[in-house]
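There are 2 protein chains.
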Amino acid sequence: MADDKALTTRAADFSAWYNELIAKAELADYSPVRGCMVIRPNGYAIWEEMQKALDKMFKDTGHQNAYFPLFIPQSFLSKEAEHVEGFAPETAVVTHGGGKLLEEPLVVRPTSETIIYAMFAKWVQSYRDLPLLINQWANVVRWEMRTRLFLRTTEFLWQEGHTAHATEAEAEAETLQMLGVYRKFAEEWMAMPVLTGRKTDSERFAGALRTYAIEALMQDNKALQAGTSHNLGQNFAKAFDVTFQTAAGGVDHVWSTSWGVSTRLIGGLIMTHGDDNGMICPPRLAQYQIVIVPIWRKDEERDQVIQKSNEIRDELRTAGIRVHVDGREGMKPGAKYYEWEARGVPFRFEIGPRDITNGVVTMKRRTGGEKEALPFAGLAVAMQRQIDAMQADMLRAAKERREANSVRGATKAVLIEKMKGDGGGGFVYGGFCGGATCEAEIKAETKATIRVLPDPEFQSPEKPTTCLWCGKPSVAEAVWAKAY
Amino acid sequence: MADDKALTTRAADFSAWYNELIAKAELADYSPVRGCMVIRPNGYAIWEEMQKALDKMFKDTGHQNAYFPLFIPQSFLSKEAEHVEGFAPETAVVTHGGGKLLEEPLVVRPTSETIIYAMFAKWVQSYRDLPLLINQWANVVRWEMRTRLFLRTTEFLWQEGHTAHATEAEAEAETLQMLGVYRKFAEEWMAMPVLTGRKTDSERFAGALRTYAIEALMQDNKALQAGTSHNLGQNFAKAFDVTFQTAAGGVDHVWSTSWGVSTRLIGGLIMTHGDDNGMICPPRLAQYQIVIVPIWRKDEERDQVIQKSNEIRDELRTAGIRVHVDGREGMKPGAKYYEWEARGVPFRFEIGPRDITNGVVTMKRRTGGEKEALPFAGLAVAMQRQIDAMQADMLRAAKERREANSVRGATKAVLIEKMKGDGGGGFVYGGFCGGATCEAEIKAETKATIRVLPDPEFQSPEKPTTCLWCGKPSVAEAVWAKAY
């Protein structure tokens, strides 16, 4: 049962609000294992809806699911030089199995490139075997020092796509295609607007040629990296000797990609839409899009309102809408409203004897506004329209908030000013010289990092000419933010 | 690409046949990690269909999915005395994380009772919080000495249900309900008939009060334990102090259950239905229920047959049938037939120019029989009927094979005779005194173990009166078999 204390407000303490919301909505819980979380049914149901939507998009773009081992021989990690440097320090290591010391320790996968390329080397012989388009839904482990529910946990759930191609151009096209899939998912399902673009070398995946990302702005003006797509070039193919006979009769290493999103997205959902009463879940990802609360005083009323509620539920379900009737006894309607509000259910129906007499349900939106009476007749059509409208409104509102907290053509002074203090942040666009020294200095002084070198669609109308930090010529516009 | 060597026949070497089939159908592969397998896309697609069907059945019976940590503090395992004895010898142990020696080693979950009951203790306060009906889809690790693809691997995928109840009777009812769900799934989806019944104490889950199982008979006459459901009594509740306030105002420990099936089921599917040409997948679990092979000689024919094939695919898909068009260029139809046969696709359509002229598709069943010409008109209805018929026929055939290899009212001599040699086996029904000594002697002499004390439906019309081994009074009929 959710507790009934009010949440700390976002304005008072965003971080406390986030943790309390997760507890109150029963989305997740701390476990007795350091840095590991339990995803409770309310949270897992959101992950299932996310999986369903993403999995369909992956399959529609020709990918197939497979499953690779949890354990990776420690020596595999070392085969790609940058990769081991990036991941070795944060691995969990199995040294004993079946009561005996292992000859070679096994690393619990932090990501699966190495074990997957070892298999690709067996499977790929000829250009006819390409492209090889694989996805895996799995748990991974990274030994993080500071953890936060959903955002950064020692173990997390994710999907990792791994593909091999005959040419560099195909690999690049795949990398960008999947970035586009992630963007579409973030915007159309999560109602979370994102910037897309390339990462600088210092933020690149360990072992990749190029890393692209989707970046969203949370309500506390910090950025969340919500998904990444990597063009791995031939780095892993060379490390694991994944070669193929080309159509022309030669031999070449494959060109490969990897891309992933994780349960971190649930954190993004909370911090994009939640309010001081709790979660607000966009309708397309809600376990229940509508919860019906039947209201009665006397027993004979009870049967009538429950029956009508069930009828309406069944009618809406037939139309593909996810509906739940909360018929719990011994609990006041107000307590139910409060609980479903905290959980973020998009729409609530109240159905009492008078509603039945009037032939209407009383509908309340989680996003605010007055209650509305909707006639029984044509309810499914009306609600589908409501669902689509709320989904679109949530995206629009989040986009407006992001733009209100973005500054273009920033100078050094503006960047420093924007990032100041705990409340500081937002997306700051400015010129960048491409130098790692500037990046490091900016991070040290403002805590902001370059989230992306934005794709053309997101670039400013006026192209910056000089680096906002050092004043040298700008090689690309960059977007800075403090990040989770 | 599947290799094109014929399989070793089942009669010649069942075990070689099994391994070769898995390689040829590209269901799974050995990994470089000891005892761990890679589930390839063809195999994983079956697992996805299994998950979809089971998950729906779990939700229809009121369960919710959640996710618990992969790691379990070593001390947790020891809290239930039988449990640690059963599982500690086969665990993988993480001793280092983030480059440092851990204060307490972490066990990679072999099953999740202990970590889950630690959480239940936090969540359950009152009888109002009960029943708590949780399921988890996850990977688990058991350090097995001898491994076989799908049947016994160090890491495997499974689901584990964990429920807590206010009374012993409710827990027992839940245990039996889920046994029933497993039976329904095995029979109606896998077309794999099973016996249901209780395990003897020596085959009981470590920590359970009572273990029930579904047991199937493979084509080599060995039994496969295909799913288990455990009434855990108050054992884990006491070990983890999961108490609740009763409706009467007292305090009690919860009564709990756990139940699971795993990727082992894919091995069961292969060994129940496969033939010397490869896998035969029951239609309800097939990734593709129909594969259409368009046949053409000249380029102008190609466009026509591909177009018609796609039309038919779309029409059948609209009717909810899973169809794939194999339009690969540069590959002869015969080679395609051979490949899809090995993968076990239930129905094949051939569509050539003459078929189009005649307004028919040429249909071939994977289970045998002549090709049939089916008119385009009414194809979806006709194929839904074919699918239902094949599904029913496969179950019937498997049931007949099982019954033909079962002996009732066996004596000691019959049991020994039936189990003799590599080809020996089958289900042997006989009286059992209930003594662990008889069980151990039988196992030592015949390699057979008691698979179940069968439920009434499976018991013999004539109740055995004496133990077939020692001659003392029988306390229950038992079913012996050699087992995987």
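Taken in order, these protein sequences are the chains called Y and H.
The first sequence begins at 1 in my numbering and counts up by one.
The second sequence begins at 485 in my numbering and counts up by one.
Here a beta-carbon is modelled for each residue, glycine too, at the ideal position from N, C-alpha and C.
**OP:** May I have the straight-line CA-CA distance separating residue 327 of chain Y from residue 294 of chain Y, to the nearest angstrom?
**Re:** Counted from its first residue, the first sequence places residue 327 of chain Y at position 327. Counted from its first residue, the first sequence places residue 294 of chain Y at position 294. Rounded to the nearest angstrom, the two C-alpha atoms are 7 Å apart.
Original post:
Taking C-beta to C-beta, are residue 594 of chain H and residue 626 of chain H nearer than 8 Å?
Top reply: Within the second sequence, residue 594 of chain H is the residue found at index 110, counting from 1. Within the second sequence, residue 626 of chain H is the residue found at index 142, counting from 1. Yes, these two residues count as a Cβ contact at 8 Å.
Original post:
If we ignore side chains and look at the alpha-carbon of each, how far apart do residue 801 of chain H and residue 871 of chain H end up?
Top reply: For the purposes of this step, residue 801 of chain H is identified with residue 317 of the second sequence, where counting begins at 1. For the purposes of this step, residue 871 of chain H is identified with residue 387 of the second sequence, where counting begins at 1. Roughly 14 Å separates the two Cα atoms.
Original post:
Whose CA, out of H:755, H:568, H:648 and H:745, lies closest to the CA of residue 676 of chain H?
Top reply: For the purposes of this step, residue 676 of chain H is identified with residue 192 of the second sequence, where counting begins at 1. Nearest of H:755, H:568, H:648 and H:745 to residue 676 of chain H, Cα basis: H:755.
Subject >> Bridge partner(s) assigned by DSSP for residue 636 of chain H >> reply: The residue given as residue 636 of chain H occupies position 152 in the second sequence. Beta-bridge pairing links residue 636 of chain H to H:632.
**OP:** Taking residue 29 of chain Y as the query, report the chain H residues whose CB atoms sit under 9 Å from its CB, ordered along the chain.
**Re:** As a working note, residue 29 of chain Y is residue 29 in the first sequence. Within chain H, the residues near residue 29 of chain Y are 603, 606 and 607.
Subject >> 8 Å Cβ cutoff met for residue 48 of chain Y and residue 549 of chain H >> reply: Sequence index remark: in the first sequence, residue 48 of chain Y carries index 48 (1-based). Sequence index remark: in the second sequence, residue 549 of chain H carries index 65 (1-based). The answer is yes: Cβ separation under 8 Å.
Subject >> Spatial distance of residue 608 of chain H from residue 345 of chain Y (CA atoms) >> reply: Locating residue 608 of chain H in the second sequence gives position 124, where the first residue counts as 1. Locating residue 345 of chain Y in the first sequence gives position 345, where the first residue counts as 1. Cα to Cα, the separation comes out at about 24 Å.
Original post:
Hey, is residue 478 of chain Y's beta-carbon within less than 8 Å of any beta-carbon in chain H?
Top reply: For this step, residue 478 of chain Y is matched to residue 478 along the first sequence. It does not; no Cβ of chain H falls within 8 Å.
Original post:
From this set, Y:409, Y:423 and Y:424, which residue's C-alpha is nearest residue 469 of chain Y's C-alpha?
Top reply: As a working note, residue 469 of chain Y is residue 469 in the first sequence. Here the closest residue by C-alpha is Y:409.
Original post:
Taking one C-beta from the segment 502-509 of chain H and one from the segment 227-242 of chain Y each time, how about it: are there three or more such pairs within less than 8 Å?
Top reply: no
Original post:
Roughly how far, in whole angstroms, is the beta-carbon of residue 34 of chain Y from the beta-carbon of residue 154 of chain Y, given that I think they are within contact range, below 8 Å?
Top reply: Reading the first sequence from its first residue, position 34 is the one you call residue 34 of chain Y. Reading the first sequence from its first residue, position 154 is the one you call residue 154 of chain Y. Going by Cβ atoms, the distance from residue 34 of chain Y to residue 154 of chain Y rounds to 7 Å, so yes, they are a contact pair.
Subject >> Backbone CA spacing between residue 379 of chain Y and residue 288 of chain Y [nearest angstrom] >> reply: The residue you call residue 379 of chain Y lines up with position 379 of the first sequence. The residue you call residue 288 of chain Y lines up with position 288 of the first sequence. Rounded to whole angstroms, residue 379 of chain Y to residue 288 of chain Y spans 16 Å at the Cα level.
**OP:** Buried or exposed for residue 869 of chain H, please, with buried defined as at least 16 other CB atoms from any protein chain shown within 10 angstroms of its CB.
**Re:** Residue numbering aside, residue 869 of chain H sits at position 385 when the second sequence is read from its first letter. Residue 869 of chain H is exposed by the Cβ-count criterion.
Subject >> CB-CB length for residue 641 of chain H against residue 67 of chain Y, believed under 8 Å >> reply: On the second sequence, position 157 is the one that residue 641 of chain H refers to. On the first sequence, position 67 is the one that residue 67 of chain Y refers to. Correct: roughly 7 Å between the Cβ atoms.
**OP:** Compute the distance between the beta-carbons of residue 674 of chain H and residue 751 of chain H, then report whether it is under 8 Å.
**Re:** Here the question's residue 674 of chain H lines up with position 190 in the second sequence. Here the question's residue 751 of chain H lines up with position 267 in the second sequence. Their beta carbons are not under 8 Å apart, which means residue 674 of chain H does not touch residue 751 of chain H by this criterion.
Original post:
Excluding the five sequence neighbours on either side, which residues of its own chain have a C-beta within less than 8 Å of the C-beta of residue 586 of chain H, listed in chain order?
Top reply: As a first step, residue 586 of chain H is located in the second sequence; it is residue number 102 there, counting from the start. 578, 579 and 580.
**OP:** Reducing DSSP to helix, strand and coil, say where residue 100 of chain Y ends up.
**Re:** Translated into positions along the first sequence, residue 100 of chain Y becomes position 100. Strand.
Original post:
What number of angstroms, rounded off, separates the C-alpha of residue 441 of chain Y from the C-alpha of residue 482 of chain Y?
Top reply: If you number the first sequence from 1, residue 441 of chain Y lands on position 441. If you number the first sequence from 1, residue 482 of chain Y lands on position 482. Near 14 Å, if we compare the C-alpha coordinates of residue 482 of chain Y and residue 441 of chain Y.
Subject >> Pick from H:896, H:850 and H:648 that is closest to residue 923 of chain H, judged by C-alpha positions >> reply: As a first step, residue 923 of chain H must be located in the second sequence, where it is residue number 439. The shortest C-alpha separation from residue 923 of chain H is found at H:896.
**OP:** Quick one: grab the DSSP three-state call for residue 254 of chain Y.
**Re:** Reading the first sequence from its first residue, position 254 is the one you call residue 254 of chain Y. Of the three classes helix, strand and coil, the one that applies to residue 254 of chain Y here is coil, per DSSP.
Original post:
Hey, does residue 824 of chain H have any beta-carbon neighbour from chain Y nearer than 8 Å?
Top reply: Along the second sequence, one-based indexing puts residue 824 of chain H at 340. Residue 824 of chain H does not count as touching chain Y.
**OP:** Could you confirm whether any beta carbon from chain Y is found closer than 8 Å to the beta carbon of residue 658 of chain H?
**Re:** Taking the first residue of the second sequence as position 1, residue 658 of chain H is located at position 174. Chain Y, which has no Cβ nearer than 8 Å to the Cβ of residue 658 of chain H, makes this no.
Original post:
Along chain H, in chain order, which residues have C-beta atoms closer than 7 Å to that of residue 281 of chain Y?
Top reply: Within the first sequence, residue 281 of chain Y is the residue found at index 281, counting from 1. Correct list: empty, because the minimum Cβ distance to chain H is about 16 Å.
Original post:
Just how far apart, CA to CA, sit residue 612 of chain H and residue 732 of chain H?
Top reply: If you number the second sequence from 1, residue 612 of chain H lands on position 128. If you number the second sequence from 1, residue 732 of chain H lands on position 248. So the alpha carbons of these two residues sit roughly 12 Å apart.
Subject >> Members of the segment 66-84 of chain Y that neighbour chain H once the beta carbon cut-off is set at 9 Å >> reply: 66, 67, 68, 69, 70, 71, 72, 73 and 76
Original post:
Mind pulling the chain Y residues with CB within less than 7 Å of residue 520 of chain H?
Top reply: As a position in the second sequence, residue 520 of chain H is number 36, starting the count at 1. The answer, in chain order, is 69 and 71.
Original post:
Does any CB atom of chain Y fall closer than 8 Å to the CB of residue 868 of chain H?
Top reply: Numbered from 1 along the second sequence, position 384 holds the residue referred to as residue 868 of chain H. Judged by the 8 Å Cβ criterion, residue 868 of chain H is not in contact with chain Y.
**OP:** Figure out for me which residue from H:714, H:787 and H:678 has the closest Cα to the Cα of residue 942 of chain H.
**Re:** As a first step, residue 942 of chain H is located in the second sequence; it is residue number 458 there, counting from the start. Nearest C-alpha to residue 942 of chain H: H:678.
Original post:
Along chain Y, which residues have their Cβ under 7 Å away from the Cβ of residue 807 of chain H?
Top reply: As a first step, residue 807 of chain H is located in the second sequence; it is residue number 323 there, counting from the start. Those do not exist, as residue 807 of chain H stays about 15 Å from chain Y at its closest Cβ, beyond 7 Å.
**OP:** Report yes or no: is there a C-beta of chain Y within less than 8 Å of the C-beta of residue 579 of chain H?
**Re:** Looking up residue 579 of chain H in the second sequence gives position 95. It does: the Cβ of residue 579 of chain H has a partner Cβ on chain Y nearer than 8 Å.
**OP:** Check the Cβ of residue 548 of chain H against every Cβ in chain Y and list those closer than 8 Å, keeping chain order.
**Re:** Taking the second sequence and counting its residues from 1, the one referred to as residue 548 of chain H is at position 64. Ordered by position in chain Y, the residues that pass the 8 Å Cβ test against residue 548 of chain H are 41, 44 and 45.
Original post:
Out of Y:308, Y:134 and Y:465, which has the shortest C-alpha to C-alpha gap to residue 429 of chain Y?
Top reply: The count along the first sequence starts at 1 and reaches residue 429 of chain Y at position 429. Comparing Cα positions, the closest option is Y:465.
Original post:
What residues of chain H sit near residue 106 of chain Y, judged by a beta carbon separation below 8 Å?
Top reply: Taking the first residue of the first sequence as position 1, residue 106 of chain Y is located at position 106. By Cβ distance, chain H contributes 517 and 576.
Subject >> residue 719 of chain H, DSSP secondary structure in three states >> reply: Here the question's residue 719 of chain H lines up with position 235 in the second sequence. Residue 719 of chain H: helix per DSSP, three-state reduction.
Original post:
To which residues does DSSP link residue 701 of chain H through a beta bridge?
Top reply: Position 217 of the second sequence, counted from the first residue, corresponds to residue 701 of chain H. Paired residues: H:707.
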